[in-house]
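> Protein chains in written order, with this note's numbering: chain A, 1 to 672; chain B, 1 to 672.
From the three backbone atoms N, C-alpha and C, an ideal C-beta is built for every residue, glycine too.
Number of protein chains: 2
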Amino acid sequence: MIKYKQFTDTMAASFYENPDLKRERQSCNFDKDEITNLIDGNVEKTKYRRELVEYILSDPSLKDPIPVEYLSHEEKYAAELKKACLLVQKMREPVPKEAKFETLRKRQENGKPLDIGVGPSSVILKEGNALGLHFVMFIPAIIGQGSTEQQNKWLPRALNLEIIGTYAQTELGHGTFLRGLETKATYDPDTKEFILETPSLSAYKWWPGGLGKTSNYAVVMAQLYTKGKCEGIHPFLVQLRDETTHEPLPGIFVGEIGPKLGLNSNDNGYLGFDRVRIPRDQLLMKHSQVLEDGTYVKPKSTKLGYATMVYVRVFIVQDMAQVLRKAVTIATRYSCVRHQSELKPGEPEPQILDYKAQQNKLFPALAASFAFHFAAEKVWNLYHLATENIGKGDLQMLPDLHGMSCAMKALSTSETAKFVETLRQSCGGHGYMVSSGFPRLYGIATASETYEGENTVLWLQVARYLIKTRMDGSGGQSVAYLIGSNLPDNKAVDLSLDGIINLFQRVAAGYVDLAMKELAEHGRQGMAPYDAWNHSAVQLIKAAQAHARYLVADCFVRSVKEDKLSGPVRSILNELCEFLLIYWLFAELKTEHLSQLQAKYMELLSIIRGYAVNVVDSFDIRDEALGSVLGCWDGNAYQRLFDEALKSPLNRNAVHRESFEKYLKPLMKSKL
Amino acid sequence: MIKYKQFTDTMAASFYENPDLKRERQSCNFDKDEITNLIDGNVEKTKYRRELVEYILSDPSLKDPIPVEYLSHEEKYAAELKKACLLVQKMREPVPKEAKFETLRKRQENGKPLDIGVGPSSVILKEGNALGLHFVMFIPAIIGQGSTEQQNKWLPRALNLEIIGTYAQTELGHGTFLRGLETKATYDPDTKEFILETPSLSAYKWWPGGLGKTSNYAVVMAQLYTKGKCEGIHPFLVQLRDETTHEPLPGIFVGEIGPKLGLNSNDNGYLGFDRVRIPRDQLLMKHSQVLEDGTYVKPKSTKLGYATMVYVRVFIVQDMAQVLRKAVTIATRYSCVRHQSELKPGEPEPQILDYKAQQNKLFPALAASFAFHFAAEKVWNLYHLATENIGKGDLQMLPDLHGMSCAMKALSTSETAKFVETLRQSCGGHGYMVSSGFPRLYGIATASETYEGENTVLWLQVARYLIKTRMDGSGGQSVAYLIGSNLPDNKAVDLSLDGIINLFQRVAAGYVDLAMKELAEHGRQGMAPYDAWNHSAVQLIKAAQAHARYLVADCFVRSVKEDKLSGPVRSILNELCEFLLIYWLFAELKTEHLSQLQAKYMELLSIIRGYAVNVVDSFDIRDEALGSVLGCWDGNAYQRLFDEALKSPLNRNAVHRESFEKYLKPLMKSKL
C-alpha cells in the first residue's frame, strides 16, 4: 500500500460522530422511528427489513474485495454475478429461525420480487442485478400470460432457478411503439411449431437485462403469424441456451451489448433468431390461443395488458422515492459536515447547509421523496382494488389507473433524475466521485426515464386522456376536475393547501384548454387531426406535466391529512408538503412575483433546515446500502473519501512502473 | 469471435449512406463550408484543422486495440497515457512539410495549448488527458506568475516536457473559496527556504488533473507565512517526484483519487506535504515577492489575477460550444435515420425528426451551440483588448470582463449539461450506451459546472455586480442597461430581435429590483447585510441568470448582424437566433400565453427542421472525433452499435465459462 500521512484527530474510529451532525441529532424533537415505520409500512415491517439487511450485510462472502468500479467490464460482470447468485442461494435456503425471512418463493407470491434497483439486492448490488428480470418480469410474465398448464409446467422450474429467464421485447429498431416490433413467430401446423425469425438487423432484440450471458430462457415478444395473417405481438417462451453446457442453441445468436451510462452489473443483451422452432404450447396462452390447426383465438379484452404495466410502473415510482431518499440523505449529511466560504465576515466558515441557495437545492428533493412515496402507495392500493374488480369481470377502473400510472411514472422519474443531479452538484466536486454514490443513483434514475414507456410518449398518452375527458367527459376519478363545471372558479387567491391544489387544477385545465384551442385552430387551417396533434405536442406535454404535478400534490395533501401521525411528524410532513406545492407552482407559473408565496417559501427553507438532518436519519438507510463516502452516518466524509481512494489498484505502488518506463520516461528524456 | 447473423443489406460498406440522410443532403441549399469556416475562423483555419486531424487520426499507433470503456481503471489510465504521450511526441517533432503544423511550443505561444476536453487531443482522448493541465495551467501559471528569471529557468524545461507539471489548488476541504485553503508555506530566513506543510486531513490537495501518477512537478497554491504573518494564497513551484525514478520525494504523499462520473483517463490526484523544503526562488514572484530576510513585497494590484481566470473561462465557453456541436450532431443525425411509432395512421413509421416534441429537444441545443460560439469569440476579443490595456497600466476593463466571463461560464456550462442530457434522452435507450458518445460528453459538460468556479458561487458574484451597478451606477459596458434611466420603457410588446433583447433587459432588471426590494425589506427587519444577502440568494441567482441570458442573446443578435454572411446562411443564423431568444424567454417568463410568440416558435421548428441535418454536417466533425455509433456521418447507426458491442471481451465466447461454472451452474442445479 502507498504510504500517506495520517491525521489521528480525524481518523475513523468506530465511535466517531461528526460534531455538527451530533449537534443536529441532539436537538431532534420528533420520533425518528415514526417516519421510518411510515415509509416501511409499520413497526413490524421496519423490524423485518432491518433484520433482512443485517442478514445480507453480515455475510463476508457478499463483500467486495476491490470496489467494483476499479474492475474491467468483464471482471465487473463476474464479480457482481457472483454476489447475485450467492444472494439468491442465501434467500432461498432455510433461513435462521429467529429471523423468519420470507423465502424467495414467498416474496414472489407476495408480489415483492427481488427487484432491479432498490430492493434487498440493491444493498449489495449498486449497478443492477443480472438476475433481476428473472424475478421482476420473467416469472410475472409466466403468471400473467401463461395458461394454468403452462404455469404448472414452467413456474416451479423458474421459482427453483432451474432455469433463468428474461423478458425480450425491445429491438434495435423499436422501443416503446410495440406494434413496430419485427421479430416473427410463424405457426407451422404441420409440425405444430412456431418458427422464430429475426428478419432484419433492426429486429435484433436489444437491451433485455440478463440476456447477454446469464439467462438460458426468455419470454420473447414477437409478431404472431398464423394462416397467413399477422395477429400482432404475443409472448413466447423460448429456450436460448443448453441447460447443461449453457451454449446457445442452434439458430440462437446471443451476446451482451457493452458498457452503459449506469447499471453495468447487468448484462443487457442482444438476441437474434435464425428459424428457431418451438412447440406450439410455448406461446403463452392465458389470453389468446393458437389452436393445433392454426386457428387464432382472440383475447377477451385488449385492456387486460394494462394491469401488468400498472404493476411495473408503481414499482418504478416506489424506486424513485427510494433513490431520492438515498440521494437526499447523502447531500443533507454532507451539507451538514462541509464548511465553506464566508457568510458573516470574520466568522469561521459556516456549514453549507446554512446557505439558502444550498437549502433550495436540497429541500425540494427531500419533500418530493415523500410525495412519490405516498403516490406509489396510493396507486398500489388502487391497483389491488382494480385487480380484485377484474377478477369479478369489472374492467372499469383500468383506464384511469393506466392514466395515473403513466403520469406518475413520467413525473417521478424525470423529477428524480433532475433532483439527483442537483443534489450531486450541491456536493461540489466530490459529488463527481463514483464513491459519492451519486453517479450510480443517477444511472438508475435516468434509465427509468426511458424504460417501461419513454417519458415523452407517456406524456402524450396522458395528454390524450386529458383532452378526451375535457371533450366528452369520459374520464375517471383522477381527471374528474376536467369534466364540465367541476373546476373551481376561485379567482381570489387562496393559498391554503387546498387552495393551491385548486390552483394546480386550474393551471392544468388552462393548459388543456390552450392545447384544445391550438388543435381546433390547426383543424380550421385544414390540418389533418394527426398532424394537428403533432403540431400541438409541445403544449400537450405541458398540460400532461401540470396534471401529473396536480395528481402527486393532491395525493401528498390527502395522505398527510389521513395518516395517523403524531403532532410533530404531522407538522413536518405538512411543511414539506406545502413547500413542495409552492416549489412546483413556481415551475408552472412564474409566480415569484406573488410575494406572499415567495416569502412563505423562504420561511419554510429555514424551518426545514431545523430538522432536515434528522428526517434523513429517519430514512434509516445503512451506510453499506447508501454506498456513499459523503453520506455516511458518522459524517467522517473526508476520511472515507480518502480511504476509498487508497483502495485504487493504481495506488498500490507510488509509481505506475509500466506506463512510466514505457511512455513518460521516453517523453521526458527526448529533448527537442 | 462470437457468431452472429449478418444482414448484408445493411452491412457497413465504405460507400453506404443512409437514404434519409442522403435525401436531406441532396436538398441542401446553402454552402456548408461557409458555416464550417465561420466556426473555425476562416478558410485557412478550416484547412489547417482538417490536416491536423488527419495527421492524428491516420496514425495507427494512436488507435485503441480494445475500446477503453471495456478496460479496468488501471488499464484505462495506461492505455490513455500512452496515446497522450505519443500525441505529444508527434506534435513536437518536426512535422511533415506539406502540413506545416505549429509545433507544441508554437501552439503554446499562440495561446492555443493542447486542451483538456475538446482540442486536438480530444480527437483521440475522449475522457480527458493526463497531460492536459501541464499545457493549460502549469505552463500558463509559470508565464503568468513567474518572474523573468523564473520563466527563463523553468519554461524551457516545461515546454520540452523535461518536467511534467500540474496545478494544485483545490483541497479535500476547500474549493471555490480560496481564502479557506489550508496548505501552509512558511518562510525560514535561516535556510532561505519555504517549508510546505499539510496541517490537516482536509488540507490534502484533491482533484488536480494528472497529479496522481503522471506529473513530477506542480504549482501549489498555499498560504504564505513569513515573519510570523499570513500573507494569503501564493503559488509555489514544487518538485514532487524524482526526475529519474519518478518516486515521490521525501515528505511528499501523492496518489490518485479513484473513478469519477467522467474524465477517467485523467489521473486526478491527492497531495500532502510533511515539512517539505523548497528554495525561496520557487515562490512564483512576478507579482509579489519574499525577500531573503523574509520581507514580504505586495503585488501592485489584486485585480491582476482576474485576467487568468477570464482566460480559462473563455476556454470553457468555447469548449461548451464544441460539446454542444458534437451532441447535437449525434442526436440530429440519429433522429433522421430512426423511424418510430405512428404519425399518420396507416403510413410507415416516420423519422423521429418529424415529431415536434423531438424538434423541441434538438433545436434549442443547435441554436445555443452558435450562441456560445459567438459569446466566446466576443469575450476572447475583449480579453485581448483588456490585456493590451493592462500592458499600458489601464485596468479599467477588468471588472466588467470578469463579470461577463463569470456569467457566460455559468450559463454555458449549465445549459450545455442540460442540453446534452436532453439530447441523449432524445435518442431513447440507445443514448444510454457509452458507444453513443453522450455519457462522455455529459462527463465533460457537467464537470465544468463545478470546476473553475462553482456555478452557484459565480451566479452570486454576478448578482453582486448587478446590485452594485443598479445602486451606484458603477458597472461597465455589459451592465450599462441597469444604470439610471438607460432601461427602455417599451410597454408595447415589440417582438423583433431587438425588441426581445429589450425584453430580456427588462426581465433581468425586474429580478434585480425584486432582489433589491427583498434586501431592503430584510434590512428594515433588522437583518445584518450578510444575512439579508443569504436570505435573498434564490432571487439573486435568478437575476444573474436572466442577465446572463441577455448577455449571450445580445451577443448572438449582434454577431449575426455584423458577420459577413451569404444570404442563405444569414437567414439560417437569424432563424436560429430568434428561435433561441424565444426559447429562453419562455424559460424566464411563462409567456406561452403570448400566443404570437408560441406560434412563431412552432413555425421556426418547422423551418429549422428543413436544414438541421445540413447544419450539423457543416460542423464538420469527423466520425472518429465524434466518437458515437449513433451520430456517424453515414447514418449506419444500428450496424455500428452492433459492431461496437461485438468488441466486448464478454462476447469473445458465447459462454462466460468461469462465472457459469462457478456461480450459475451450482445455482441452477441446487433445487429447493
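Is it buried or exposed, B:V254, if we count other Cβ atoms within 10 angstroms and call 16 or more buried?
Working through the second sequence from its first residue, we reach residue 254 of chain B at position 254. So B:V254 counts as buried.
> Out of curiosity, what's the CA-to-CA distance linking B:L646 and B:R652?
As a first step, residue 646 of chain B must be located in the second sequence, where it is residue number 646. As a first step, residue 652 of chain B must be located in the second sequence, where it is residue number 652. Cα to Cα, B:L646 sits roughly 8 Å from B:R652.
> For B:L395, which of helix, strand or coil comes out of DSSP?
Numbered from its first residue, the second sequence carries residue 395 of chain B at position 395. Looking at B:L395 - three-state DSSP - the assignment turns out to be coil, as it is neither helix nor strand.
> Use the C-beta contact count for A:P19: other C-beta atoms within 10 angstroms, 16 or more gives buried, fewer gives exposed.
In the first sequence, the residue the question calls residue 19 of chain A occupies position 19. Exposed, by the Cβ-count rule.
> Distance cutoff 8 Å, beta carbons only. Does B:N129 sit that close to anything in chain A?
Position 129 of the second sequence holds residue 129 of chain B. Chain A, which has no Cβ nearer than 8 Å to the Cβ of B:N129, makes this no.
> List, in order along the chain, the chain B residues whose C-beta lies closer than 7 Å to that of A:E197?
Residue numbering aside, residue 197 of chain A sits at position 197 when the first sequence is read from its first letter. The premise fails here: A:E197 is roughly 10 Å from chain B at the closest Cβ pair, so nothing lies under 7 Å.
> Measuring alpha carbon to alpha carbon, tell me which residue in A:L181, A:K344, A:C632 and A:Y638 is nearest A:T332.
Here residue 332 of chain A refers to the residue found at position 332 of the first sequence. Residue A:C632 is the option with its Cα nearest to A:T332.
> For B:A376 versus B:Q289, is the C-beta distance shorter than 8 Å?
Taking the second sequence and counting its residues from 1, the one referred to as residue 376 of chain B is at position 376. Taking the second sequence and counting its residues from 1, the one referred to as residue 289 of chain B is at position 289. Against a cut-off of 8 Å, the Cβ pair of B:Q289 and B:A376 comes out as no contact.
> Is the distance from the Cβ of A:L540 to the Cβ of A:A515 below 8 Å?
Position 540 of the first sequence, counting from 1, holds the residue named residue 540 of chain A. Position 515 of the first sequence, counting from 1, holds the residue named residue 515 of chain A. Cβ atoms of A:L540 and A:A515: closer than 8 Å.
> Where do the N-terminal and C-terminal ends of the alpha helix (DSSP H) with A:Q89 fall, by residue?
The sequence position of residue 89 of chain A within the first sequence is 89, counting from 1. Its alpha helix (DSSP H) spans residues H73 to R92.
> Taking the beta carbon of A:E449 as the centre, do at least 16 other beta carbons fall within 10 Å, making it buried, or is it exposed?
On the first sequence, residue 449 of chain A is found 449 positions in, with the first residue counted as 1. Looking at its Cβ environment, which holds 16 or more other Cβ atoms inside 10 Å, A:E449 is buried.
> Answer yes or no: does any C-beta atom of chain A fall closer than 8 Å to that of B:G635?
Mapped onto the second sequence, residue 635 of chain B falls at position 635. Output row for B:G635: interface = no.
> So that I know if they touch, is there some Cβ in chain A lying closer than 8 Å to that of B:C85?
Stepping through the second sequence from its first residue, residue 85 of chain B is reached at position 85. For B:C85, the answer is yes, since a Cβ of chain A falls inside 8 Å of its Cβ.
> CB A:L261 to CB B:P439, shorter than 8 Å?
The count along the first sequence starts at 1 and reaches residue 261 of chain A at position 261. The count along the second sequence starts at 1 and reaches residue 439 of chain B at position 439. Contact flag set, yes.
> Which residues in the same chain have their Cβ closer than 6 Å to the Cβ of B:F30, if we skip the five residues on either side of it in sequence?
In the second sequence, counting from the first residue as 1, residue 30 of chain B sits at position 30. Only residues of its own chain outside the window of five on either side were considered, and among them P568 and V569 have a CB closer than 6 Å to the CB of B:F30, listed in chain order.
> Could you name the residues of chain B that A:T46 contacts, counting a contact when the two beta carbons are closer than 8 Å?
Indexing the first sequence from 1 puts residue 46 of chain A at position 46. Within chain B, no residue comes near A:T46; the closest Cβ sits about 29 Å away, beyond 8 Å.
> Give the interface partners of A:E644 over in chain B, defined as CB-CB distance under 8 Å, in chain order.
On the first sequence, residue 644 of chain A is found 644 positions in, with the first residue counted as 1. Within 8 Å Cβ-Cβ: G258.
> My parser needs the alpha helix (DSSP H) runs of 4 or more residues fully inside the region 514-602 of chain A; what are they?
You should have 529-535, 537-562 and 567-588.
> Taking the straight line between their C-alpha atoms, what separation do you get for A:P649 and B:K76?
Numbered from its first residue, the first sequence carries residue 649 of chain A at position 649. Numbered from its first residue, the second sequence carries residue 76 of chain B at position 76. In a straight line, the C-alpha of A:P649 is about 12 Å away from that of B:K76.
> Would the beta-carbon of B:V136 fall within 8 Å of that of B:V53?
Taking the first residue of the second sequence as position 1, residue 136 of chain B is located at position 136. Taking the first residue of the second sequence as position 1, residue 53 of chain B is located at position 53. Their beta carbons are not under 8 Å apart, which means B:V136 does not touch B:V53 by this criterion.
> Evaluate A:S436 with the Cβ neighbour count: other Cβ atoms within 10 Å of its Cβ, from every protein chain shown; 16 or more gives buried, anything less gives exposed.
The count along the first sequence starts at 1 and reaches residue 436 of chain A at position 436. Buried is the call here.
> For the 8 Å Cβ check, are there 3 or more pairs between the region 618-628 of chain B and the region 394-407 of chain B?
no
> Between A:A509 and A:L411, is the Cβ-Cβ spacing less than 8 Å?
Within the first sequence, numbered from 1, the residue matching residue 509 of chain A stands at position 509. Within the first sequence, numbered from 1, the residue matching residue 411 of chain A stands at position 411. No, they are not a contact pair.
> Could you please tell me which residues of the region 645-663 of chain A, in chain order, have their CB closer than 8 Å to any CB of chain B?
Flagged, chain order: A645, L646, K647, S648, P649, L650, N651, A654, V655, H656, E658, S659, F660, K662 and Y663.
> Quick check: what's the CA-CA separation for B:I500 versus A:D531?
Here residue 500 of chain B corresponds to residue number 500 of the second sequence, with the count starting at 1. Here residue 531 of chain A corresponds to residue number 531 of the first sequence, with the count starting at 1. Approximately 30 Å between the Cα atoms of the pair.
> Does A:A141 get closer than 8 Å to chain B when you measure Cβ to Cβ?
As a first step, residue 141 of chain A is located in the first sequence; it is residue number 141 there, counting from the start. No, its Cβ sits nowhere closer than 8 Å to a Cβ of chain B.
> How far does the alpha helix (DSSP H) with A:I467 in it reach, from first residue to last?
Indexing the first sequence from 1 puts residue 467 of chain A at position 467. Start and end: N455 to D472.
> Return the Cβ separation of A:K378 and A:C555 in integer angstroms, given the expectation that the two are a contact with Cβ distance under 8 Å.
For this step, residue 378 of chain A is matched to residue 378 along the first sequence. For this step, residue 555 of chain A is matched to residue 555 along the first sequence. Yes, A:K378 and A:C555 are in contact; Cβ-Cβ is about 5 Å, under 8 Å.
> Would you kindly check if the distance between the Cβ of B:G128 and the Cβ of B:S265 is under 8 Å?
Taking the second sequence and counting its residues from 1, the one referred to as residue 265 of chain B is at position 265. Taking the second sequence and counting its residues from 1, the one referred to as residue 128 of chain B is at position 128. It is a contact, given that the beta carbons lie within the stated cut-off.
> Which residues in chain B have a C-beta closer than 9 Å to the C-beta of A:H73? List them in chain order.
Within the first sequence, the letter at position 73 stands for residue 73 of chain A. In chain order: E69, Y70, L71, S72, S648, P649 and L650.
> According to DSSP, is A:T422 helix, strand or coil?
The residue given as residue 422 of chain A occupies position 422 in the first sequence. Reduced to three states, the DSSP call for A:T422 is helix.
> Name the DSSP beta bridge partners of B:I195, please?
Counting from one through the second sequence, the residue named residue 195 of chain B turns up at place 195. DSSP output for B:I195 lists B:T186 and B:R277 as bridge partner(s).
> In the DSSP assignment, find the unbroken beta strand (DSSP E) run with A:L626 in it and report its ends.
For the purposes of this step, residue 626 of chain A is taken as the residue at position 626 of the first sequence. A:L626 -> not in any beta strand (DSSP E); alpha helix (DSSP H) instead, spanning D623 to L626.
> To be precise: take each residue of the region 420-431 of chain A, compare its Cβ to all Cβ atoms of chain B, and keep it if any distance is under 7 Å. Which residues remain?
Q425, G428 and G429
> Counting only Cβ pairs nearer than 8 Å, list the residues of chain A close to B:S341.
For the purposes of this step, residue 341 of chain B is taken as residue 341 along the second sequence, with counting starting at 1. Neighbours of B:S341 on chain A, chain order: T176, F177, G180 and V457.
> Can you list, in chain order, the residues of the region 530-542 of chain A whose Cβ is nearer than 9 Å to any Cβ on chain B?
Y530, D531, W533, N534, H535, S536, A537, V538, Q539, L540, I541 and K542
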